[in-house]
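In what follows, a single structure is set out as structure tokens and then discussed.
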Amino acid sequence: MKGKETNNRVDVEVDGTKLNVTSEWNLASPLLPVTIDGTLRTMQCLSRDAAGNISIQFLGTVYKLRILTQLAAELSKYMPEKAEEDTTSILRSPMPGAVVAVSVKPGDMVSEGQEICVIEAMKMQNSLVAAKTGKVKIVHCKAGETVGEGDLLVELE
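Everything in the sequence shown is counted per full-length UniProt numbering, starting at 1 for the first residue and increasing by one.
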């Protein structure tokens, strides 16, 4: 999708169809009144960040957009895509908490869905399980430790 902005008007091209979009959106408001080819539509802004990523909701469907200046759009062609991390071979803490139990040690074989460890957060115990069958390579935590959100707990081969 491409667009060219002039004042509050943006000419947008989506799949070969050209649309005229105007808006007087107040960035402090979660409601986004937009006129598309003369028809007023109201959308809800769910989130936005400094990188130009915006989530909007229209008629119950959530759309994720990325709005860039023309220069940023040109330069983004030269930026490498961030490689997706293989999260099936690692187990990270989904929340800050205390490690209550670790059910595996290096060299153990685990099956998909098997409990690997238990984290307690806000007096609730959460059982963390293996995303795939494999051999435990490294255990980075032990019972009694405090972990933060995203901390690496266990690696599989």
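Where a beta carbon is used, it is the ideal one built from N, C-alpha and C, also for glycine.
Under the Cβ criterion (8 Å, minimum of three pairs), the stretch 58 to 73 does not count as touching the stretch 116 to 128. The continuous beta strand (DSSP E) containing residue 121 extends over residues 115 to 121.
Counted as a single uninterrupted DSSP element, the beta strand (DSSP E) harbouring residue 98 occupies residues 97 to 102. When the Cα atoms are used, residue 52 and residue 135 turn out to be separated by approximately 41 Å. Beta-bridge partners assigned by DSSP to residue 155: 90, 138. Exclusion of the five residues before and after residue 54 leaves 45, 47, 48, 64, 65, 66, 67 as the residues of its chain whose Cβ lies within less than 8 Å of its Cβ.
DSSP places residue 55 within a strand segment (E or B) once states are collapsed to three.
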